[in-house]
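Below: one structure, written as structure tokens.
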Amino acid sequence: MQETATFSYTIDDRLETIFELRIALRRWLADVGLDREAVDDVALAAWEVCVNAVEHAVEPRGGVTLVASRTRVGVRIAVHDCGTWRERAAQRPGRGLGLRLATAVMDRVSILRDRPGTEVVMWRFTGGRA
Amino acid sequence: MSRPVLVEIVGGLDLSTVWRWEAEVSKAASASRTVVVDLSRVDFVDSAGVHGLFRMLASLHAQGKRALVVAPHGGRVRRLLEILELQSLAWVCDTREEALDAHAA
Numbered sequence: 005m006q007e008t009a010t011f012s013y014t015i016d017d018r019l020e021t022i023f024e025l026r027i028a029l030r031r032w033l034a035d036v037g038l039d040r041e042a043v044d045d046v047a048l049a050a051w052e053v054c055v056n057a058v059e060h061a062v063e064p065r066g067g068v069t070l071v072a073s074r075t076r077v078g079v080r081i082a083v084h085d086c087g088t089w090r091e092r093a094a095q096r097p098g099r100g101l102g103l104r105l106a107t108a109v110m111d112r113v114s115i116l117r118d119r120p121g122t123e124v125v126m127w128r129f130t131g132g133r134a
Numbered sequence: 009m010s011r012p013v014l015v016e017i018v019g020g021l022d023l024s025t026v027w028r029w030e031a032e033v034s035k036a037a038s039a040s041r042t043v044v045v046d047l048s049r050v051d052f053v054d055s056a057g058v059h060g061l062f063r064m065l066a067s068l069h070a071q072g073k074r075a076l077v078v079a080p081h082g083g084r085v086r087r088l089l090e091i092l093e094l095q096s097l098a099w100v101c102d103t104r105e106e107a108l109d110a111h112a113a
């Protein structure tokens, strides 16, 4: 196994930047050997968490950073924003479903709020070669 | 029995497009009692898209319309409906032909 492959991308609160992230992340996930379904699932989970971060964070101007790492056991996605999340802010119909969807398509999802901002860490253990 | 009207959703069904597709389905519903929503060519669906689909189906139901959904096995929409355990919300078919047969039955 070579050194861990990583991918890093910073978005702001414009939707276009999340679209661009999704396209770049999909390409990277395929490059590191994930199969089609895993690419679709991980890209969806990343999208949902990034949309949430941009919509929830009180002050998203610091940007939202996604770091993806390919390890022997799978893919780890960490999304960090510098804002303080508003639990009930900006009630878009259907919100809340995003995190449920991300949890359903990933193998593990943790949300860490005990640091400046919020970090969501997700793992996908299966799919493709290591 | 009126002829079913078809709406084919192509590309993304996500938070940037879902409002447009809801409007399309709503417009189509005024033309027939049965609406076939073909999602075979959807290549990206997110939570906003899934939620929008529920709203479309609920709205059709409330108007006394019949909704048939085409979402083939192995496709993204079917996968998300399955993992969220929501296939029972509508009559979900693999092909458009199957949907039209279901309409005729």
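If you read the protein sequences in the order shown, they are chains A and B. Under the working numbering, the first residue of the first sequence carries the number 5, and numbering increases by one thereafter. Under the working numbering, the first residue of the second sequence carries the number 9, and numbering increases by one thereafter. All residues carry an ideal CB built from backbone N, CA and C; glycine is no exception.
Between M126 (chain A) and chain B, is there a C-beta pair that is closer than 8 Å?
Cβ-Cβ to chain B under 8 Å: no for M126 (chain A).
Between P80 (chain B) and S40 (chain B), is the Cβ-Cβ spacing less than 8 Å?
In this structure, S40 (chain B) does not lie closer than 8 Å to P80 (chain B) by Cβ.
From what residue to what residue does the beta strand (DSSP E) around M2 (chain A) run?
A question about residue 2 (chain A) goes unanswered here, because the residues of chain A that appear run from 5 up to 134.
List, in chain order, every chain B residue whose beta-carbon is nearer than 8 Å to that of E52 (chain A).
When 8 Å is used as the limit between beta carbons, E52 (chain A) is near these residues of chain B: D54 and S55, in chain order.
Whole-angstrom distance between F129 (chain A) and M5 (chain A), CA atom to CA atom:
Annotation note: pLDDT 46 at M5 (chain A) (below 50); position unreliable, coordinate value reported separately. One C-alpha to the other measures close to 16 Å.
Taking only the alpha-carbon atoms, compute the straight-line gap between H69 (chain B) and S73 (chain A) and give it to the nearest angstrom.
If you take the alpha carbons of H69 (chain B) and S73 (chain A), they lie about 45 Å apart.
Examine chain A for any beta-carbon lying closer than 8 Å to the beta-carbon of V58 (chain B), and answer yes or no.
Taking CB atoms only, V58 (chain B) has a neighbour in chain A less than 8 Å away.
Within 10 angstroms of its Cβ, does G82 (chain B) collect 16 or more other Cβ (buried), or is it exposed?
Answer is exposed; the Cβ neighbour count stays below 16.
From A28 (chain A) to D85 (chain A), what does the alpha carbon distance come to, in whole angstroms?
One C-alpha to the other measures close to 19 Å.
Using a Cβ-Cβ cut-off of 8 Å (strictly less than) and excluding sequence neighbours within five positions of R18 (chain A), which residues of its own chain qualify?
The same chain holds no residue with a CB closer than 8 Å to that of R18 (chain A) once the five nearest residues on each side in sequence are set aside.
Suppose you measure from the CA of C54 (chain A) to the CA of A113 (chain B); what does that come to, to the nearest Å?
Approximately 44 Å, taken between the alpha carbons.
Compare the beta carbon distance of A82 (chain A) and V68 (chain A) with 8 Å and say whether it is the shorter of the two.
No; because the gap between Cβ atoms is not below 8 Å, this pair is not in contact.
What does the alpha-carbon distance come out to for the pair R40 (chain A) and R63 (chain B)?
Rounded to the nearest whole angstrom, the CA to CA distance from R40 (chain A) to R63 (chain B) is 29 Å.
Please decide whether L48 (chain A) counts as near chain E, where near means a Cβ-Cβ distance under 8 Å.
In the structure shown, chain E does not exist; the protein chains are A and B.
Just the Cα atoms here: how many angstroms apart are V53 (chain B) and R26 (chain A)?
Approximately 13 Å, taken between the alpha carbons.
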